[in-house]
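S.K.:
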Amino acid sequence: MIEVFIDGASAGNPGPSGAGVFIKTQSDVHRFSFPLPHMTNHEAEYHALIKALEVCIDKGFKTVSCKTDSLLVEKAVDTRYVKNKLYAPLLEEAVQLIDQLDLFFIKWIPEKQNKTADVLARQAIVRS
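The sequence shown finishes on residue 128 if you use full-length UniProt numbering, and the numbering steps up by one all the way, no holes.
Here is the structure:
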């Protein structure tokens, strides 16, 4: 099982945003910073999950343990439900990707345990 740490960041909330993905396998680590357009921090958190899932699928990872400091994303994925309909298409996209994996877990962690993904997300923000 691989560990995936995700974080989204937004400068301005809403504002220019970024997604950070940090993946630990048994033998390697992978770091990704994805610039995102103008959006809220919550939207950036969902996009970080989607980007992480796309990377995992592209790399052939089938069993994934995902860590996020976003309670909103963790709860939405666990229940496959969002209260705010703005996030429904993002959750739907994430679920379609999750369903391509053999096994997927998501767990909330405190921000202090997610520093690498946070740094990657902040680095991805392109300020104009």
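For each residue, glycine too, the CB sits at the ideal point set by N, CA and C.
In the DSSP output, what is G60 paired with across the bridge?
M.R.: G60 is not bridged to any residue.
S.K.: Taking the alpha carbon of M39 as the reference point, which residue from I2, L90 and L71 has its own alpha carbon closest?
M.R.: L90
S.K.: Just to confirm the assignment, what range does the alpha helix (DSSP H) spanning I98 have?
M.R.: A88 to I98
S.K.: Using a Cβ-Cβ cutoff of less than 6 Å, which residues in the same chain neighbour V4 once the five nearest sequence positions on both sides are dropped?
M.R.: I23, A52, V64 and C66
S.K.: Tell me the rounded alpha-carbon separation between Q123 and P110.
M.R.: Those two C-alpha atoms are separated by around 20 Å.
S.K.: Under three-state DSSP, which class holds I106?
M.R.: strand
S.K.: May I have the straight-line CA-CA distance separating K115 from W108, to the nearest angstrom?
M.R.: 14 Å
S.K.: State the Cα-Cα distance for the pair V82 and H42, rounded to the nearest angstrom.
M.R.: 12 Å
S.K.: Assign residue 133 to one of two classes, buried (16 or more other C-beta atoms within 10 Å of its C-beta) or exposed (fewer than that).
M.R.: In the structure as shown, the chain starts at 1 and stops at 128, and residue 133 therefore has no counterpart that could be examined.
S.K.: Between D99, A48, T79 and G15, which has its C-alpha nearest R31's C-alpha?
M.R.: A48
S.K.: Expressed to the nearest angstrom, what Euclidean distance is found between the alpha-carbon atoms of L103 and K62?
M.R.: Approximately 7 Å between the Cα atoms of the pair.
S.K.: Using DSSP with H/G/I as helix, E/B as strand and the rest coil, what is T79?
M.R.: Helix at T79.
S.K.: Take I50 and list the residues in its own chain whose beta-carbon comes closer than 6 Å to its own, dropping the five residues that flank it on each side.
M.R.: E93 and A94
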